[in-house]
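S.K.:
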Amino acid sequence: MIPYGHQSITQADIDAVIGVLRSDWLTQGPTVARFERAVAEYCGAAHAVAVSNATAGLHLACRVLGLGPGDLLWTSPNTFVASANCARFCGADVDFVDIDPRTYNLSPAALEAKILQAESAGRLPKVVVATHFAGQSCDMQALAQLARRYGFALIEDAAHALGGRYLDRHVGSCRHSDMTVFSFHPVKSITTAEGGMVLCNRDGLDTRLRELRSHGITRDPARMDEDSHGDWYYQQIDLGYNYRLSDLQAGLGISQLARLDQFIADRGRLAARYDAALAELPVQRPWQDPAMQSAWHLYVVRLQLDRIGKSRGEVFAALRQAGIGVNVHYIPVHTQPYYRNLGFRAGDFPVAEAYYAEALTLPLYPELTKHQQDRVIEALTKVLQ
Ligand SMILES: *Cc1c(COP(=O)(O)O)cnc(C)c1O
Numbered sequence: 028m029i030p031y032g033h034q035s036i037t038q039a040d041i042d043a044v045i046g047v048l049r050s051d052w053l054t055q056g057p058t059v060a061r062f063e064r065a066v067a068e069y070c071g072a073a074h075a076v077a078v079s080n081a082t083a084g085l086h087l088a089c090r091v092l093g094l095g096p097g098d099l100l101w102t103s104p105n106t107f108v109a110s111a112n113c114a115r116f117c118g119a120d121v122d123f124v125d126i127d128p129r130t131y132n133l134s135p136a137a138l139e140a141k142i143l144q145a146e147s148a149g150r151l152p153k154v155v156v157a158t159h160f161a162g163q164s165c166d167m168q169a170l171a172q173l174a175r176r177y178g179f180a181l182i183e184d185a186a187h188a189l190g191g192r193y194l195d196r197h198v199g200s201c202r203h204s205d206m207t208v209f210s211f212h213p214v215k216s217i218t219t220a221e222g223g224m225v226l227c228n229r230d231g232l233d234t235r236l237r238e239l240r241s242h243g244i245t246r247d248p249a250r251m252d253e254d255s256h257g258d259w260y261y262q263q264i265d266l267g268y269n270y271r272l273s274d275l276q277a278g279l280g281i282s283q284l285a286r287l288d289q290f291i292a293d294r295g296r297l298a299a300r301y302d303a304a305l306a307e308l309p310v311q312r313p314w315q316d317p318a319m320q321s322a323w324h325l326y327v328v329r330l331q332l333d334r335i336g337k338s339r340g341e342v343f344a345a346l347r348q349a350g351i352g353v354n355v356h357y358i359p360v361h362t363q364p365y366y367r368n369l370g371f372r373a374g375d376f377p378v379a380e381a382y383y384a385e386a387l388t389l390p391l392y393p394e395l396t397k398h399q400q401d402r403v404i405e406a407l408t409k410v411l412q
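If you count by my numbering, then the sequence shown holds residues 28 to 412, one letter each, in order.
1) Would you kindly report the start and end of the unbroken beta strand (DSSP E) that includes T207?
2) Measure the C-alpha to C-alpha separation of I420 and F123 and round it to an integer number of angstroms.
3) Would you kindly check if the distance between the Cβ of S282 and the Cβ of Q55 is under 8 Å?
4) Mark N112 as exposed unless 16 or more other C-beta atoms lie within 10 angstroms of its C-beta, in which case mark it buried.
5) Report yes if the C-beta of T82 is less than 7 Å from at least one heavy atom of ligand 1; otherwise report no.
6) Would you say the beta carbon of A114 comes nearer than 7 Å to a heavy atom of ligand 3?
7) State the DSSP-derived secondary structure class of A60, mapped to helix, strand or coil.
8) Locate the beta strand (DSSP E) running through D120, then write down its first and last residues.
9) May I ask you to list the residues that DSSP assigns as paired with L133?
10) Got a sec, what are the start and stop residues for the beta strand (DSSP E) V355 sits in?
11) Please indicate yes or no: does the CB of K153 lie closer than 7 Å to some heavy atom of ligand 1?
12) Write down the C-beta distance between A72 and G223 rounded to the nearest angstrom, noting that I regard them as a contact closer than 8 Å.
13) Cβ of G428 versus every heavy atom of ligand 1: is any distance shorter than 7 Å?
14) What does the Cβ neighbour count give for N80, buried or exposed, with the cut at 16 atoms within 10 Å?
15) Closer than 6 Å by C-beta to A145: which residues in its own chain qualify, once you throw out the five before and the five after it? Chain order, please.
16) In this structure, does DSSP put M224 in helix, strand or coil?
17) Tell me which same chain residues have a C-beta within less than 6 Å of the C-beta of A384, skipping the five on either side of it?
18) So is G427 buried or exposed if we call it buried at 16+ other beta carbons inside 10 Å?
19) Should A109 be listed as close to ligand 1, given that the test is whether its C-beta is under 7 Å from any heavy atom?
20) Please say whether G32 and V328 have beta carbons closer to each other than 8 Å?
21) Kindly give me the distance between the Cβ atoms of A88 and I182, rounded to whole angstroms, as I take these residues to be in contact under 8 Å.
22) Applying the 10 Å Cβ sphere with the 16-neighbour rule, what's the burial state of T102?
23) List the whole-angstrom C-beta distance separating V154 from L94, where the pair is believed to meet the contact cut-off of C-beta under 8 Å.
24) Using a threshold of 8 Å, state whether the C-beta atoms of A185 and T207 are closer than that.
25) Given 8 Å as the limit, is there contact between the region 286 to 302 and the region 187 to 199, that is, 3 or more CB pairs closer than that?
26) DSSP three-state call for I36: helix, strand or coil?
27) If you follow the beta strand (DSSP E) that V154 is in, where does it begin and where does it stop?
28) Buried or exposed: where does R49 fall if 16 or more other Cβ atoms within 10 Å of its Cβ makes it buried?
29) Give the straight-line distance between the Cα atoms of V403 and Q348, rounded to the nearest whole angstrom.
30) Compute the Euclidean distance between the alpha carbons of R312 and G350, then round it to the nearest angstrom.
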């Protein structure tokens, strides 16, 4: 089976991990600090805080923004469930904003319309989580303008987008947001097996992220409410978690980061090959905004089902049968049973639902060979005939 995504591991990656294994630190230590500085520098952000995974990063981002019971977080229905769950971890409520029909990202126009309704009801969001779907950035200037005008915080869920660009900067610069969260899961741009990172520019936010990452504990006398008892002394000043990344993982991350631009170039070249090969098929290819440079996490086509005469389920099953590991991103989050139990219904976000009914993710990752890609294209062509 040709999978939809796959990590790329070289001997250099293996050597980097072995090097850390032979060092004095296995858990969070100097290699994590180096990884954090390297990602912050790559993205052009002031601070980067490594965490155990992006879900933990989203949770910490919500915590440091003070999200809690009675507050509201809005996100896109076309994302992984973690983008919404982070609010529930904090006891806050979730609502969704429908997507742009071309980019499949959270729509600034739908956001503005929903804000105007919410304003009259006195129920504005405290936080908006914007997912850069498939690796293409959201329209951050439009979102940031609304965030300033209506006083909400903006978190970029950039789990798909490390290595991508918005205007002239890398995603993660936080030029138009409060924080950006990356994932280093094996199918993402680079991997640490499990892992994530939170980036920000505002001094102090990073301190709070670091405290909450490790039990709410500080060793900084300036953060304590009495004089230090000695060098062993620490204080727990908040209720935090163990959301740390290990030095082992960070060693892999640093080694992977050196190949990030190559990974993105490889993904982009394969995406362009799909674009050319699928031009005559009854599918809508992914639209690219010229202001963005996608990290090409996913290559998603929309099946023109009225022209195909088969259901998406039949197309999916036939391709899997042919050894092509197609996938579907995403089941609209508000239609999950957990969210239905909170009152959401099918029909609430029609653009995301119409997109979902036709979406199909084709295999795309740096080590996908042209030969394998040709097999995908041939199988798809045959199924759609
Ligand atoms: C992968 C992913 C996450 C979660 O990442 P983990 O590191 O597995 O916690 C969150 N949001 C989106 C959009 C993702 O694709």
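Heads up, the beta-carbon is just placed ideally off N, CA and C, and yes, glycines get one too.
M.R.: Inspection of the coordinates gives the following:
1) M206 to S210
2) No answer is possible for residue 420: the residues shown for the chain start at 28 and end at 412.
3) no
4) buried
5) yes
6) The ligand content of the structure shown is limited to ligand 1, which means ligand 3 is not among them.
7) helix
8) D120 to F123
9) I126
10) That residue, V355, is in no beta strand (DSSP E); it is neither H nor E in DSSP.
11) no
12) The pair is not a contact, with the Cβ atoms about 14 Å apart (cut-off 8 Å).
13) Given that the chain is displayed from residue 28 to residue 412, the structure contains no residue 428 and the question cannot be resolved.
14) buried
15) L151
16) strand
17) none
18) Past the boundaries of the shown model lies residue 427; the chain is included only from 28 to 412, so the question cannot be answered.
19) yes
20) no
21) 5 Å
22) buried
23) 6 Å
24) yes
25) yes
26) coil
27) V154 to T158
28) exposed
29) 12 Å
30) 22 Å
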